[in-house]
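All remarks here apply to the structure that follows.
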Amino acid sequence: MTVLLSGGALSAAPLENRFFTPYFDMGVSQGAYLPSSGDFFSGAHMNMNVGALAKITDKHSIFALYGLNFAGQAFRFQDTSEFDSKDLSHNFNFEYRWQVLDFLRLRPSAAYGMNYTRTAAGEIWGEGLYDSKSVGGGLAADYTFGMFDKDATLTANWIYRQIKFPNYTDIIREFQGTDSQAELAGGLKDQKLAEYGAMLSWNRIFARFRYNTINYDNERVVQSNGVYGAEKQKDSNIILSGGFSRNLWIFEASPELSYATHRSNQNFLLFQSVTDPSPVFAANFYDYNEMGIALPFFMNLTKKWALNLGLDWKRRSYSDREPRSGTNAFIAGEKQTNNFVIFTGGVRKKMNEVASMFLTYSQVVATSNNKFQRYLPTNYSGQSILLGFRLTY
């Protein structure tokens with residue numbers, strides 16, 4: 001049985017005709033990374049999902065899933081995090097499935113998650129600046145119908161999460177002093193997320209739409225005078241994606257195309273130092289549009305051995321943000337653009353029906369017209385070798 005995540009809701013292949021069906025999926029890998037500048041480093045990664053489907057009656061069932069994810073040191077997309085940052089997450093999902101009609105299924109769900117981060121070597125697990133806990137629920141509806149002599153499924157879903165960041169504070173405000181002690185006690189990044197989505201799948205082709213809003217409980221919008229105003233931060237994202245999977249003789253391909261927009265009412269103050277008395281104000285600093293293309297390709301040499309090639313490309317164009325020079329000054333008249341490309345090649349071996357191993361070589365090229373790289377690299381290249389293991393049943 002294969003389990004899928006769709007817009008925060010869980011879905012599965014047709015249920016087996018028995019009361020209890022377990023599910024286990026685990027991927028583990030260890031990589032060696034050599035950036036164009038800086039030292040060689042290694043990183044481990046693990047993703048594990050353990051679940052069970054309980055069929056109560058023909059129309060009613062319950063699905064529970066626990067997910068554990070660890071992301072170690074690795075190359076990163078620009079403006080996200082440092083190479084040596086680490087993330088550990090635990091997620092618990094519970095879903096009730098009701099087959100209302102032959103063509104309609106409803107899936108209310110509940111979720112709880114914990115995420116731990118280490119963005120610096122001195123941070124301790126459980127005390128990270130970006131540690132968070134989330135709780136919420138959702139509702140999905142699956143509508144099945146015929147289209148061109150094949151079954152199609154249209155899924156509409158809604159999810160809600162309340163996310164708490166108990167350790168997050170504004171370091172600049174701590175250094176400068178503030179009249180609001182609550183802002184220094186953690187929770188400055190606490191937020192509520194609501195997402196609406198729809199996905200159409202037919203004949204191994206899919207198209208997906210997602211729209212979410214993020215409302216911050218405490219974080220306020222910085223104004224041009226350098227003071228935080230009364231307006232609270234609000235973000236929104238639109239994500240469109242589509243793709244298909246096809247097998248032709250010994251070849252497998254699963255190309256995917258995505259487009260996303262991010263909008264925020266938050267602005268930015270550019271400090272030359274923490275004591276800078278007159279920082280430069282930048283409005284709509286975080287707004288961007290992003291395109292992505294993924295082209296995974298496999299050639300099955302035998303029933304057990306396969307070669308793989310891949311290309312992943314992502315381009316982020318900021319709507320109003322000006323790039324910075326090497327001296328941390330805005331370059332007037334330009335807009336920042338980041339490009340991130342990964343070329344991959346490797347080999348995969350199926351050990352048996354449930355287990356496989358893979359060895360992958362990757363070449364990463366990251367380019368940007370932003371030249372200030374003191375905290376996060378924006379222009380670099382690198383190579384990596386990854387050895388991994390996958391077990392699914």
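With this note's numbering applied, the sequence shown covers 1 to 393.
Quick reminder that beta carbons are idealized off the backbone N, C-alpha and C, glycines included.
Small disclaimer: the values here were computed from a predicted structure and weren't measured.
One Cα belongs to P323, the other to G333, and the distance between them is close to 9 Å.
Annotated three-state conformation of P35 is strand, per DSSP. H45 is positioned such that its CB atom lies closer than 8 Å to that of A71.
8 Å or more divides the Cβ of A282 from the Cβ of L301. In the three-state DSSP reduction, N308 falls in the strand class (E or B). A distance of 8 Å or more separates the beta carbons of F24 and K55. In this structure, N218 sits away from S236, with a CB-CB distance that is not shorter than 8 Å.
For K59, the secondary structure class from DSSP, reduced to helix, strand or coil, is coil.
Under the 8 Å Cβ criterion, the segment 143-152 does not count as touching the segment 122-133, having fewer than three qualifying pairs.
Spatial neighbours of A207 in its own chain (CB-CB distance under 6 Å, excluding positions within 5 residues in sequence) are listed in chain order as L200 and G242.
With a cut-off of 8 Å on Cβ pairs, the segment 67-81 is not in contact with the segment 100-108, counting fewer than three such pairs.
Comparing alpha-carbon positions, the option among A366, M351 and F330 lying closest to R315 turns out to be A366. In the same chain as N289, and ignoring 5 residues on each side of it, the C-beta atoms closer than 6 Å to its own belong to T261 and S317, in chain order. Assigned with DSSP and collapsed to three states, T153 falls in strand. In the DSSP assignment, N267 falls outside any beta strand (DSSP E) and carries neither an H nor an E.
The shortest CA-to-CA distance from S37 to any of Y393, T344, T327 and R374 is the one to R374. In the DSSP assignment, G113 is bridged to N91 and S134. Only buried fits N93, as 16 or more other CB atoms lie within 10 angstroms of its CB. Closest option to Y196, judged by alpha-carbon separation, among E123, L53, N203 and I159: I159. Taking a C-beta distance under 8 Å as the contact criterion, I205 and F268 do not qualify as a contact pair.
Between G27 and G388 a beta carbon distance of about 6 Å is seen, short of the 8 Å cut, so the two are scored as contacting. Under a 10 Å Cβ-count criterion, G229 is classified as exposed, with fewer than 16 other Cβ atoms of the shown protein chains found around its own Cβ.
A distance below 6 Å between beta-carbons, with the five flanking residues on each side excluded, links N47 to the following residues of its chain, in chain order: G27 and N69.
In the DSSP assignment, M299 is bridged to F251 and L307. Nearest to Y168 by C-alpha distance, out of Q162, A156 and K189, is K189.
Going by DSSP, G382 is part of the beta strand (DSSP E) stretching over Y380 to T392. Comparing alpha-carbon positions, the option among K304, T57, R210 and V227 lying closest to F358 turns out to be K304.
Under DSSP, K164 forms a beta bridge with K133. Assignment of F77 by DSSP, reduced to helix, strand and coil, places it in the coil class. For L376, the closest of E82, Y33 and F41 by C-alpha to C-alpha distance is E82.
Rounded to whole angstroms, the gap between the alpha carbons of F209 and N370 is 31 Å.
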